[in-house]
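Protein chains in written order, with my numbering: chain A, 11 to 554; chain H, 11 to 554. Glycine included, each C-beta is placed from N, C-alpha and C at the ideal position. As the structure is a computational prediction, the values presented were derived from the model and not from experiment. Below is one structure, written out as structure tokens; comments come after it.
Number of protein chains: 2
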Amino acid sequence: GERLKAQRGLELRAKSWRTEGLLRMLENVLEVGEKPEELVVYAALGKAARDWDSYFKIRRALTGMDTDSTLMIQSGKPIGVFPTHSGAPRVLIANSNLVGRWATTEHFYELYDKNKIAWGGLTAGCWQYIGFQGVLQGTFETFAAASKVHFDQDDLKGRFVFTAGLGGMGSAQPLAIWMLGGVALVPEVNGERALERQAHGLVQHVTHDLDEAIALCTDARAKGEARSVTWVGNAVEALETLLERGIIPDIVTDMTSAHDALHGYQPLGLTTAQAAQMRSDDPDKLIGLARETMVRHVKALLNMEDAGAVAFDYGNNLRSQARDHGFPGGFRLKVFTEAYLRPLFSRGIGPFRWVALSGDSADIAYLDALTQELFPDDAPVQRWVRAARLHVPEQGLPARTAWLGHTQRTRMALAANAAVARGDIGPIAFTRDHLDAGSMAHPNIMTENLKDGTDAVSDWPLLNALLNTASGADLVAIHSGGGGYAGYMTSAGVTCIADGSEETAGRLERVMNADTGWGVLRYADAGYGEAEETKKREGLGLGF
Amino acid sequence: GERLKAQRGLELRAKSWRTEGLLRMLENVLEVGEKPEELVVYAALGKAARDWDSYFKIRRALTGMDTDSTLMIQSGKPIGVFPTHSGAPRVLIANSNLVGRWATTEHFYELYDKNKIAWGGLTAGCWQYIGFQGVLQGTFETFAAASKVHFDQDDLKGRFVFTAGLGGMGSAQPLAIWMLGGVALVPEVNGERALERQAHGLVQHVTHDLDEAIALCTDARAKGEARSVTWVGNAVEALETLLERGIIPDIVTDMTSAHDALHGYQPLGLTTAQAAQMRSDDPDKLIGLARETMVRHVKALLNMEDAGAVAFDYGNNLRSQARDHGFPGGFRLKVFTEAYLRPLFSRGIGPFRWVALSGDSADIAYLDALTQELFPDDAPVQRWVRAARLHVPEQGLPARTAWLGHTQRTRMALAANAAVARGDIGPIAFTRDHLDAGSMAHPNIMTENLKDGTDAVSDWPLLNALLNTASGADLVAIHSGGGGYAGYMTSAGVTCIADGSEETAGRLERVMNADTGWGVLRYADAGYGEAEETKKREGLGLGF
Ligand SMILES: NC(=O)c1ccc[n+]([C@@H]2O[C@H](COP(=O)([O-])OP(=O)(O)OC[C@H]3O[C@@H](n4cnc5c(N)ncnc54)[C@H](O)[C@@H]3O)[C@@H](O)[C@H]2O)c1
Ligand SMILES: NC(=O)c1ccc[n+]([C@@H]2O[C@H](COP(=O)([O-])OP(=O)(O)OC[C@H]3O[C@@H](n4cnc5c(N)ncnc54)[C@H](O)[C@@H]3O)[C@@H](O)[C@H]2O)c1
Numbered sequence: 011g012e013r014l015k016a017q018r019g020l021e022l023r024a025k026s027w028r029t030e031g032l033l034r035m036l037e038n039v040l041e042v043g044e045k046p047e048e049l050v051v052y053a054a055l056g057k058a059a060r061d062w063d064s065y066f067k068i069r070r071a072l073t074g075m076d077t078d079s080t081l082m083i084q085s086g087k088p089i090g091v092f093p094t095h096s097g098a099p100r101v102l103i104a105n106s107n108l109v110g111r112w113a114t115t116e117h118f119y120e121l122y123d124k125n126k127i128a129w130g131g132l133t134a135g136c137w138q139y140i141g142f143q144g145v146l147q148g149t150f151e152t153f154a155a156a157s158k159v160h161f162d163q164d165d166l167k168g169r170f171v172f173t174a175g176l177g178g179m180g181s182a183q184p185l186a187i188w189m190l191g192g193v194a195l196v197p198e199v200n201g202e203r204a205l206e207r208q209a210h211g212l213v214q215h216v217t218h219d220l221d222e223a224i225a226l227c228t229d230a231r232a233k234g235e236a237r238s239v240t241w242v243g244n245a246v247e248a249l250e251t252l253l254e255r256g257i258i259p260d261i262v263t264d265m266t267s268a269h270d271a272l273h274g275y276q277p278l279g280l281t282t283a284q285a286a287q288m289r290s291d292d293p294d295k296l297i298g299l300a301r302e303t304m305v306r307h308v309k310a311l312l313n314m315e316d317a318g319a320v321a322f323d324y325g326n327n328l329r330s331q332a333r334d335h336g337f338p339g340g341f342r343l344k345v346f347t348e349a350y351l352r353p354l355f356s357r358g359i360g361p362f363r364w365v366a367l368s369g370d371s372a373d374i375a376y377l378d379a380l381t382q383e384l385f386p387d388d389a390p391v392q393r394w395v396r397a398a399r400l401h402v403p404e405q406g407l408p409a410r411t412a413w414l415g416h417t418q419r420t421r422m423a424l425a426a427n428a429a430v431a432r433g434d435i436g437p438i439a440f441t442r443d444h445l446d447a448g449s450m451a452h453p454n455i456m457t458e459n460l461k462d463g464t465d466a467v468s469d470w471p472l473l474n475a476l477l478n479t480a481s482g483a484d485l486v487a488i489h490s491g492g493g494g495y496a497g498y499m500t501s502a503g504v505t506c507i508a509d510g511s512e513e514t515a516g517r518l519e520r521v522m523n524a525d526t527g528w529g530v531l532r533y534a535d536a537g538y539g540e541a542e543e544t545k546k547r548e549g550l551g552l553g554f
Numbered sequence: 011g012e013r014l015k016a017q018r019g020l021e022l023r024a025k026s027w028r029t030e031g032l033l034r035m036l037e038n039v040l041e042v043g044e045k046p047e048e049l050v051v052y053a054a055l056g057k058a059a060r061d062w063d064s065y066f067k068i069r070r071a072l073t074g075m076d077t078d079s080t081l082m083i084q085s086g087k088p089i090g091v092f093p094t095h096s097g098a099p100r101v102l103i104a105n106s107n108l109v110g111r112w113a114t115t116e117h118f119y120e121l122y123d124k125n126k127i128a129w130g131g132l133t134a135g136c137w138q139y140i141g142f143q144g145v146l147q148g149t150f151e152t153f154a155a156a157s158k159v160h161f162d163q164d165d166l167k168g169r170f171v172f173t174a175g176l177g178g179m180g181s182a183q184p185l186a187i188w189m190l191g192g193v194a195l196v197p198e199v200n201g202e203r204a205l206e207r208q209a210h211g212l213v214q215h216v217t218h219d220l221d222e223a224i225a226l227c228t229d230a231r232a233k234g235e236a237r238s239v240t241w242v243g244n245a246v247e248a249l250e251t252l253l254e255r256g257i258i259p260d261i262v263t264d265m266t267s268a269h270d271a272l273h274g275y276q277p278l279g280l281t282t283a284q285a286a287q288m289r290s291d292d293p294d295k296l297i298g299l300a301r302e303t304m305v306r307h308v309k310a311l312l313n314m315e316d317a318g319a320v321a322f323d324y325g326n327n328l329r330s331q332a333r334d335h336g337f338p339g340g341f342r343l344k345v346f347t348e349a350y351l352r353p354l355f356s357r358g359i360g361p362f363r364w365v366a367l368s369g370d371s372a373d374i375a376y377l378d379a380l381t382q383e384l385f386p387d388d389a390p391v392q393r394w395v396r397a398a399r400l401h402v403p404e405q406g407l408p409a410r411t412a413w414l415g416h417t418q419r420t421r422m423a424l425a426a427n428a429a430v431a432r433g434d435i436g437p438i439a440f441t442r443d444h445l446d447a448g449s450m451a452h453p454n455i456m457t458e459n460l461k462d463g464t465d466a467v468s469d470w471p472l473l474n475a476l477l478n479t480a481s482g483a484d485l486v487a488i489h490s491g492g493g494g495y496a497g498y499m500t501s502a503g504v505t506c507i508a509d510g511s512e513e514t515a516g517r518l519e520r521v522m523n524a525d526t527g528w529g530v531l532r533y534a535d536a537g538y539g540e541a542e543e544t545k546k547r548e549g550l551g552l553g554f
């Protein structure tokens, strides 16, 4: 069949842009998604709706709904439309939430097999996914923050970054580092995958020759040129070689699939074919070998740190796997959230994004220019938007991610809404990833090791959802982990449609301020000084 | 110090009745609570606020807030006041919610010891508890439903009910059965407790003589008189004696603390003093003895059923304990939720209640009369209100519980709001227990063994909270279990203040319809035919 595409143009099928816009966002996650024919947006299981019957009913409800009613969706299935009021959300969603002791992979699949539950990923089940750009900017901002913190530098010019893995997340690394003007060496054991990434413009050079790879990097570093290189081989072999030769990158980290010692991480001394064989013949042996390599991997990262490199953990569980194999020393490495993202979250800065609902790329160009007008002195924002205009290919409805903070998102959304009102651009959807300051409890990545130990307290994302609902967002969602993630996280999503109306301006102002303000208060309550300062400066909190 | 009391009268301390009313509800849970000096409302741990600092800040926020802003409370601690709008809630609360794998008793106490979390019970942390009346009506409606189902009778006249245990929940039984015109035999091993319950008017006769107890009951049954009797002794001994003598009650159940074989349930053959001794000397032995007695207990209930009695499980874990001791046969007994409450929930009928915020008992009398006017043909409601007027002592702010269903709650709230507008009564708070159709996932009691197996899916209470927020309730709360209940339940609470305004009328209509309508849809989705009928009849769902 033909590929599902989101509606373009300015004609409405629904009764208002608020519902039409949400419908297009739903269509869009399937347009940019992995397996639209199975309603799968990403991660094999992250779905836009429970099943096709649910999908068509959601469409029909969104199309027929009045502007003062609310559609309720439970794990991807539409349950009812209730009369509410025009200042209330049009869609409320809860996906894959289970009572604590039952929040297990087994119980999730038990319900899944009966078609009684669906996992929404983070942004799949609430129609907020916009494709690769989100991951790309997340990676870009993480490396930019690292450079700022350690080198007081706004980019990576003249800096050499070593990391590994060209997977779904990892393949954003060479492009992000290159966009920041740096040099990236990113080993990947899977040669085919490396070539595929190269074909998509994510990495410049792919070679089987480690000497060549290293030379390409040291050469570019010396010249201060941007360059990205993948050596087809094992990360640990590359790291140990660099150490032997005394070539110390400025930054070292890792994005191999270390969370999975059986299906993910490639041990040293085996070809991928041999590993595949052992996976079915003797899985325990393969796990043992993978963990053995991971211990060496962690030790190499620590040695790099000792030799003067900045080293951090990128949330792939490498440290824990090594610990489980008898080497706990890796926990000396800081995790990226703690090291780089929390200072941003403390100011409400996080993965904000907008989508041109009419499908017109000119709207995104207009809004890119608007960010320059509104935030001329914000170097990180300017840097990203400039780079993104040049290097981020369009995917689905035209969209832009931008890590904006408290008050910035509000100003951006209001200015855009005014532009919609003037007819300068078509309607715009504002949304964000769930991995934002006040909207996620995920003790293994996002909220790991918080200062006050409240990593697992999910009151915060739940209150974020309630507050955004009270503030009048158009869509609010509460998601918990499904499949292998069951029991590991709870998060909240939010979407607002800027249709240019006065009433919408009021709602946008309230929602944007509330959403980022809540994030600031979450980090202030956890004891982060920068959040406490932001709170005071912006008059957030109880007001006495 | 002096006992904390809720403010009475019509003078406002806050800027509106919506905030003043919530403040009085907060004061009231402490007025009727267990240990107000520790902010504990009930169950040793169920608190109204995190600590005294939080309590005073909540008071100050509620007093100073404008009517278009919203106070956010995280596990009993006020975090911020956000500008929202007048159709939004004034207070949003999340208490004791933890990400699934961390939702354990140990982790709860770890956070509790650092004062980073608080458990809200069901109605403690969101200021909805009104004292004993709630439990009393819950028990009353359960026995009334049993009588209706099995005897097609609106009361228990001429019926003999055997149950046991005069604990916090259990002590409502003799009074409820007596209010229904029935005969109650309720053994309780703890003689002191029995006398205390008698002194509070909960049970009429307390005797150490089993023959006397039985005679009192068979005599009253023969005469069709209401009577409540406690024999000080073990439930199992009483049951076995009745069986030997061929005296078969109409209904048999149990409310001893069977969930706890060590501290709760009293085994046969030991005095309470001997049991206390064994508890410290040889706890495993005591547990074994308790479970051995529980097996006999379950067998006696089954024998009663075989002999023609109606037998049901009252949610105290007796069947599981017996199963764990090698006797699984108890699961033949139906659990009360499945047998009696689900048909009510399927029509949106559940533990609704209202509170006279001015403290004037005449308001409750007025509203009692109003229920007669509005629901003259609803025998269960009439029966309860009449009985409650006679036999329920006032506790804290005057209040009435009433198990009303879909559309009934709406009519009641709107009529009351009109009466407030006319000045016939003072402002009224409408609220309910969390144990309502669409607002609780609690796989061991409330949602045990649902037809479609979705016992643990907490999407439902979360969406209930989001919908009530969108509809404009004054207070919405999401609670999960804390302490020993950590990981076992998630529920949602809602409160609306009827201040007599037009705007409030709109909000009341939306919230009441949404709250009960959601409950109906939850049971319809789970496959309950009566809910499907209600859904159709009331036009709930997607509308196509
Ligand atoms: N930082 C974050 O925010 C974040 C978010 C989600 C997931 N993660 C974690 O990041 C990791 C990577 O995610 P992904 O989606 O890219 O995974 P992926 O499975 O799609 O890709 C991993 C890649 O690493 C390669 N690889 C495995 N072992 C290797 C080795 N020893 N040397 C070189 N290459 C090797 C694999 O061939 C594969 O291409 C995962 O562990 C994931 O759980 C991080
Ligand atoms: N039905 C519901 O909705 C519901 C709700 C909450 C709790 N429960 C369960 O109901 C049970 C009772 O709750 P509670 O709050 O009244 O408990 P409680 O601990 O306050 O009281 C239990 C009483 O039973 C007495 N007892 C113990 N063993 C006995 C025996 N063998 N014979 C006679 N008396 C005995 C004890 O002395 C005590 O007075 C608990 O198991 C509780 O978990 C049910």
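- Under the 9 Å criterion on CB atoms, A:Arg-419 is classed as non-interfacial with respect to chain H.
- Among the residues facing chain H, A:Met-499 is included, as its CB has a counterpart in that chain under 9 Å away.
- Between ligand 2 and the CB of H:Gly-148, the shortest heavy atom gap is smaller than 8 Å.
- Distances from the CB of A:His-95 to the heavy atoms of ligand 1 are all 8 Å or more.
- Around the beta-carbon of A:Ala-319, 16 or more other beta-carbon atoms lie within 10 Å, marking it buried.
- Within a 10 Å sphere around the beta-carbon of A:Phe-554 sit fewer than 16 other beta-carbons, which makes this residue exposed.
- Distances from the alpha-carbon of H:Asn-125 to those of A:Tyr-538, A:Leu-220, A:Gly-463, A:Ala-502 put A:Gly-463 closest.
- Under a criterion of Cβ atoms nearer than 9 Å, the residues of chain A adjacent to H:His-117 are, in order, Ala-466.
- Rounded to the nearest angstrom, the Cβ distance from A:Thr-441 to A:Leu-32 is 10 Å, too far for a contact under 8 Å.
- Among the residues of the region 90–102 of chain H, those with a Cβ less than 8 Å away from any Cβ of chain A are Gly-90, Val-91, Phe-92, Pro-93, Thr-94, His-95, Gly-97, Ala-98, Pro-99, Leu-102, in the order of the chain.
- DSSP places A:Asp-323 within a strand segment (E or B) once states are collapsed to three.
- Taking C-alpha positions only, H:Arg-547 is separated from A:Arg-547 by approximately 55 Å.
- A:Leu-272 sits exposed, since fewer than 16 C-beta atoms from the chains shown fall within 10 Å of its C-beta.
- For a cut-off of 8 Å, the C-beta gap from H:Ile-359 to H:Trp-413 is around 5 Å, short enough to register as a contact.
- Within a 10 Å sphere around the beta-carbon of H:Lys-67 sit 16 or more other beta-carbons, which makes this residue buried.
- Cβ contact annotation for A:Val-242 (same chain, cutoff 6 Å, sequence separation greater than five): Gly-201, Ala-204, His-218, in chain order.
- Nearest Cα to H:Arg-421 within the set H:Phe-161, H:Gly-234, H:Ala-515: H:Ala-515.
- Short of 8 Å from the beta carbon of A:Lys-295, and not among the five residues preceding or following it, lie these beta carbons of its own chain, in chain order: Met-288.
- Per DSSP, H:Lys-87 is one residue of the beta strand (DSSP E) stretching across 87–93.
- When only Cα atoms are considered, A:Ser-511 and A:Ala-98 end up about 15 Å apart.
- For A:Arg-442, the enclosing beta strand (DSSP E) covers residues 438–442.
- Taking 7 Å as the cut-off between beta carbons, none of the residues of the region 237–257 of chain H comes near chain A.
- Of the candidates A:Leu-278, A:Ala-54, A:Asp-123, A:Gly-529, the residue whose Cα lies closest to the Cα of A:Thr-417 is A:Gly-529.
- As computed with DSSP, H:Ala-366 is found in a beta bridge with H:Ile-438.
- Residue pairing by DSSP leaves A:Leu-72 without any beta bridge partner.
- For a Cβ distance threshold of 9 Å, residue set Gly-110, Ala-113, Thr-114, Pro-453, Ala-466, Ala-496, Gly-497, Tyr-498 of chain A lies close to H:Arg-111, ordered along the chain.
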